[in-house]
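Presented below is the structure to which this report refers.
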Amino acid sequence: MEKKTLSTYFRETESVRKNWGWFFVLGLLLVLLGGVVINSAFVATLFSMVFFGSLLLTAGIIQVVQAFMAREWSGLFLSLLLGVLYGVVGVLCIARPEQAAINTTLLIAAFCLVSGLFKVLTSLIMQFEQWGWVCFNGVITFILGLMIYNQWPLSGLWIIGLFVGVDMILSGWSWILLSLCARKHCDK
(Lines of atoms letter the chains of each structure in order from A and count residues from 1; the text may use other names and numbers.)
(Lines give C-alpha, C1' and ligand atoms only; values in the text may rest on other atoms or scores of the structure.)
Protein backbone atom coordinates (compact mmCIF):
# COMPACT_ATOMS: atom_id res chain seq x y z
CA MET A 1 0.00 0.00 0.00
CA GLU A 2 1.31 3.40 -0.96
CA LYS A 3 2.13 5.81 1.85
CA LYS A 4 0.51 9.21 1.60
CA THR A 5 2.89 12.11 1.65
CA LEU A 6 2.21 15.57 3.00
CA SER A 7 1.76 16.89 -0.53
CA THR A 8 -0.91 14.23 -1.19
CA TYR A 9 -2.87 15.36 1.85
CA PHE A 10 -2.45 18.99 0.78
CA ARG A 11 -3.86 18.22 -2.69
CA GLU A 12 -6.81 16.38 -1.16
CA THR A 13 -7.48 19.28 1.21
CA GLU A 14 -7.30 21.74 -1.67
CA SER A 15 -9.74 19.60 -3.64
CA VAL A 16 -12.22 19.70 -0.77
CA ARG A 17 -11.77 23.45 -0.45
CA LYS A 18 -12.35 24.05 -4.15
CA ASN A 19 -15.46 21.85 -4.23
CA TRP A 20 -17.02 22.80 -0.91
CA GLY A 21 -20.29 23.73 -2.61
CA TRP A 22 -20.77 20.23 -3.99
CA PHE A 23 -20.18 18.73 -0.55
CA PHE A 24 -22.74 21.18 0.87
CA VAL A 25 -25.32 20.17 -1.76
CA LEU A 26 -24.64 16.48 -1.08
CA GLY A 27 -25.14 17.04 2.63
CA LEU A 28 -28.33 19.02 2.09
CA LEU A 29 -29.74 16.33 -0.19
CA LEU A 30 -28.91 13.62 2.34
CA VAL A 31 -30.62 15.57 5.14
CA LEU A 32 -33.72 16.12 3.01
CA LEU A 33 -33.80 12.50 1.81
CA GLY A 34 -33.31 11.30 5.40
CA GLY A 35 -36.36 13.35 6.41
CA VAL A 36 -38.39 11.76 3.62
CA VAL A 37 -37.20 8.30 4.68
CA ILE A 38 -38.17 8.94 8.31
CA ASN A 39 -41.56 10.23 7.17
CA SER A 40 -42.02 7.00 5.16
CA ALA A 41 -40.33 4.64 7.61
CA PHE A 42 -42.62 1.71 6.77
CA VAL A 43 -41.88 1.91 3.04
CA ALA A 44 -38.17 2.44 3.75
CA THR A 45 -38.15 -0.62 6.00
CA LEU A 46 -39.76 -2.80 3.33
CA PHE A 47 -37.41 -1.43 0.68
CA SER A 48 -34.43 -2.15 2.94
CA MET A 49 -35.54 -5.74 3.45
CA VAL A 50 -36.06 -6.30 -0.29
CA PHE A 51 -32.66 -4.74 -1.00
CA PHE A 52 -31.02 -6.86 1.71
CA GLY A 53 -32.76 -9.96 0.34
CA SER A 54 -31.48 -9.14 -3.16
CA LEU A 55 -27.94 -8.87 -1.83
CA LEU A 56 -28.27 -12.21 -0.03
CA LEU A 57 -29.75 -13.89 -3.10
CA THR A 58 -26.93 -12.55 -5.28
CA ALA A 59 -24.34 -13.69 -2.74
CA GLY A 60 -25.98 -17.12 -2.62
CA ILE A 61 -25.88 -17.50 -6.40
CA ILE A 62 -22.23 -16.44 -6.51
CA GLN A 63 -21.40 -18.84 -3.66
CA VAL A 64 -23.08 -21.79 -5.40
CA VAL A 65 -21.35 -21.00 -8.72
CA GLN A 66 -18.02 -20.70 -6.90
CA ALA A 67 -18.64 -24.03 -5.18
CA PHE A 68 -19.17 -25.80 -8.49
CA MET A 69 -16.13 -24.09 -10.02
CA ALA A 70 -13.96 -25.48 -7.20
CA ARG A 71 -15.39 -29.02 -7.19
CA GLU A 72 -12.10 -30.57 -6.12
CA TRP A 73 -11.97 -28.40 -3.00
CA SER A 74 -12.58 -30.21 0.30
CA GLY A 75 -14.92 -27.43 1.45
CA LEU A 76 -17.29 -27.94 -1.51
CA PHE A 77 -20.22 -29.17 0.58
CA LEU A 78 -19.93 -26.37 3.14
CA SER A 79 -19.59 -23.75 0.42
CA LEU A 80 -22.59 -25.13 -1.45
CA LEU A 81 -24.67 -25.30 1.72
CA LEU A 82 -23.77 -21.73 2.61
CA GLY A 83 -24.73 -20.54 -0.88
CA VAL A 84 -28.11 -22.29 -0.66
CA LEU A 85 -28.69 -20.80 2.80
CA TYR A 86 -27.90 -17.28 1.52
CA GLY A 87 -30.24 -17.84 -1.41
CA VAL A 88 -33.13 -19.16 0.70
CA VAL A 89 -32.87 -16.32 3.23
CA GLY A 90 -32.62 -13.82 0.37
CA VAL A 91 -35.76 -15.20 -1.29
CA LEU A 92 -37.61 -15.12 2.05
CA CYS A 93 -36.61 -11.48 2.59
CA ILE A 94 -37.82 -10.56 -0.91
CA ALA A 95 -41.03 -12.61 -0.73
CA ARG A 96 -42.01 -11.58 2.81
CA PRO A 97 -40.30 -8.28 3.63
CA GLU A 98 -42.70 -7.52 6.50
CA GLN A 99 -41.86 -10.76 8.30
CA ALA A 100 -38.15 -10.31 7.57
CA ALA A 101 -38.29 -6.80 9.05
CA ILE A 102 -40.09 -8.03 12.17
CA ASN A 103 -37.54 -10.81 12.70
CA THR A 104 -34.60 -8.52 12.01
CA THR A 105 -35.97 -5.97 14.46
CA LEU A 106 -36.13 -8.63 17.17
CA LEU A 107 -32.44 -9.33 16.52
CA ILE A 108 -31.69 -5.60 16.71
CA ALA A 109 -33.52 -5.35 20.05
CA ALA A 110 -31.63 -8.37 21.42
CA PHE A 111 -28.32 -6.92 20.22
CA CYS A 112 -29.06 -3.57 21.87
CA LEU A 113 -30.05 -5.24 25.13
CA VAL A 114 -26.98 -7.48 25.31
CA SER A 115 -24.58 -4.82 24.01
CA GLY A 116 -25.90 -2.19 26.41
CA LEU A 117 -25.72 -4.52 29.38
CA PHE A 118 -22.19 -5.57 28.43
CA LYS A 119 -21.04 -1.92 28.17
CA VAL A 120 -22.58 -1.03 31.53
CA LEU A 121 -21.11 -4.02 33.36
CA THR A 122 -17.69 -3.74 31.74
CA SER A 123 -17.39 -0.03 32.48
CA LEU A 124 -18.55 -0.48 36.09
CA ILE A 125 -16.18 -3.38 36.75
CA MET A 126 -13.09 -2.01 34.99
CA GLN A 127 -13.61 1.73 35.63
CA PHE A 128 -11.08 2.72 32.98
CA GLU A 129 -10.51 6.34 31.97
CA GLN A 130 -13.78 7.95 30.81
CA TRP A 131 -15.71 4.87 31.96
CA GLY A 132 -18.74 7.02 32.74
CA TRP A 133 -19.32 7.79 29.06
CA VAL A 134 -19.17 4.12 28.14
CA CYS A 135 -21.60 3.34 30.97
CA PHE A 136 -23.93 6.11 29.74
CA ASN A 137 -23.69 4.72 26.21
CA GLY A 138 -24.58 1.29 27.54
CA VAL A 139 -27.57 2.57 29.48
CA ILE A 140 -28.92 4.40 26.41
CA THR A 141 -28.32 1.36 24.19
CA PHE A 142 -30.06 -0.91 26.71
CA ILE A 143 -33.04 1.47 26.97
CA LEU A 144 -33.23 1.61 23.16
CA GLY A 145 -33.32 -2.20 23.07
CA LEU A 146 -36.10 -2.23 25.69
CA MET A 147 -38.11 0.35 23.74
CA ILE A 148 -37.78 -1.62 20.51
CA TYR A 149 -38.67 -4.90 22.23
CA ASN A 150 -41.65 -3.41 24.09
CA GLN A 151 -43.13 -2.25 20.77
CA TRP A 152 -42.27 -5.48 18.96
CA PRO A 153 -43.63 -6.82 16.56
CA LEU A 154 -45.14 -3.46 15.54
CA SER A 155 -41.73 -1.77 15.79
CA GLY A 156 -40.48 -4.22 13.16
CA LEU A 157 -42.52 -2.40 10.54
CA TRP A 158 -40.83 0.99 10.99
CA ILE A 159 -37.66 0.85 13.09
CA ILE A 160 -35.28 -0.13 10.27
CA GLY A 161 -36.57 2.71 8.08
CA LEU A 162 -36.18 5.10 11.02
CA PHE A 163 -32.58 3.99 11.57
CA VAL A 164 -31.78 4.42 7.86
CA GLY A 165 -33.33 7.89 7.85
CA VAL A 166 -31.49 9.01 10.99
CA ASP A 167 -28.22 7.71 9.52
CA MET A 168 -28.83 9.67 6.32
CA ILE A 169 -29.54 12.87 8.27
CA LEU A 170 -26.41 12.49 10.39
CA SER A 171 -24.29 11.74 7.32
CA GLY A 172 -25.77 14.76 5.60
CA TRP A 173 -24.97 17.01 8.54
CA SER A 174 -21.40 15.70 8.52
CA TRP A 175 -21.02 16.67 4.85
CA ILE A 176 -22.59 20.08 5.49
CA LEU A 177 -20.22 20.78 8.39
CA LEU A 178 -17.23 19.58 6.35
CA SER A 179 -18.22 21.85 3.48
CA LEU A 180 -18.72 24.87 5.73
CA CYS A 181 -15.36 24.26 7.37
CA ALA A 182 -13.72 23.97 3.95
CA ARG A 183 -15.46 27.18 2.80
CA LYS A 184 -14.29 29.00 5.93
CA HIS A 185 -10.70 28.05 5.12
CA CYS A 186 -11.18 29.09 1.48
CA ASP A 187 -11.78 32.66 2.57
CA LYS A 188 -8.45 32.87 4.40
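The numbering of the sequence shown is this note's numbering, which starts it at 85 and goes up by one. Even for Gly, the Cβ is constructed at its ideal location relative to N, Cα and C. Quantities reported herein were computed from a predicted structural model and do not represent experimental measurements.
For residue 118, the enclosing alpha helix (DSSP H) has its first and last residue at 104 to 123. For residue 214, the secondary structure class from DSSP, reduced to helix, strand or coil, is coil. Across the set 229, 191 and 175, the C-alpha of 175 shows the shortest separation from the C-alpha of residue 140. For the segment 181 to 268, the continuous alpha helix (DSSP H) assignments of 4+ residues that do not extend past its boundaries occur at 181 to 210 and 215 to 235, in sequence order.
Non-local C-beta neighbours of residue 225 in its own chain, meaning closer than 6 Å and more than five positions away in sequence, comprise 196, 199 and 200, ordered along the chain.
From the listed residues 104, 122, 107 and 101, the smallest Cα separation to residue 252 is found for 122. At the C-beta level, residue 163 and residue 179 stay beyond 7 Å of one another. With at least 16 other beta carbons inside 10 angstroms of its own, residue 136 counts as buried.
Closest in alpha carbon position to residue 219, among 183, 127 and 207, is 207. When DSSP states are grouped into helix, strand and coil, residue 155 belongs to the coil group. Closest in C-alpha terms to residue 144, from the list 191, 110, 167 and 245, comes 167. Residue 142 sits away from residue 244, with the two beta carbons spaced by 7 Å or more.
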